[in-house]
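Here's the structure, in C-alpha cells; my notes come after.
Numbering (my numbering), first residue to last: 14 to 69.
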C-alpha cells in the first residue's frame with residue numbers, strides 16, 4: 014500500500030549488505046521502499062505500485 018506522503022522506491026539489489034544500507038538511507042529521508050528479490054519481481058512491483066523510482 015502506497016502512502017501518498019512518501020516517495021515510493023522499488024529496490025532490487027542482490028547484495029544484502031548494500032541493500033540494507035541503501036534502505037536505511039532512504040528511510041531516513043522519509044522514503045518508502047519495497048525490496049524486490051530479483052528483476053522479475055521488480056517489474057511486478059512496478060506494475061502493482063507504480064513507484065517513483067526503481068533502483069537496480
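Positions of the beta carbon are idealized from the N, C-alpha and C atoms, including for glycine.
Non-local C-beta neighbours of residue 40 in its own chain, meaning closer than 8 angstroms and more than five positions away in sequence, comprise 46, ordered along the chain. Around the beta carbon of residue 31, fewer than 16 other beta carbons sit within 10 angstroms, so the residue counts as exposed.
Within the same chain, and ignoring the five residues on either side of residue 22 in sequence, the residues whose Cβ sits closer than 8 angstroms to its Cβ are 39, 44, 45, 46, 47, 64, 65, 66, 67 and 68.
Within a 10 Å sphere around the beta-carbon of residue 29 sit fewer than 16 other beta-carbons, which makes this residue exposed. With a threshold of 16 other beta carbon atoms within 10 Å, residue 61 falls short and is exposed.
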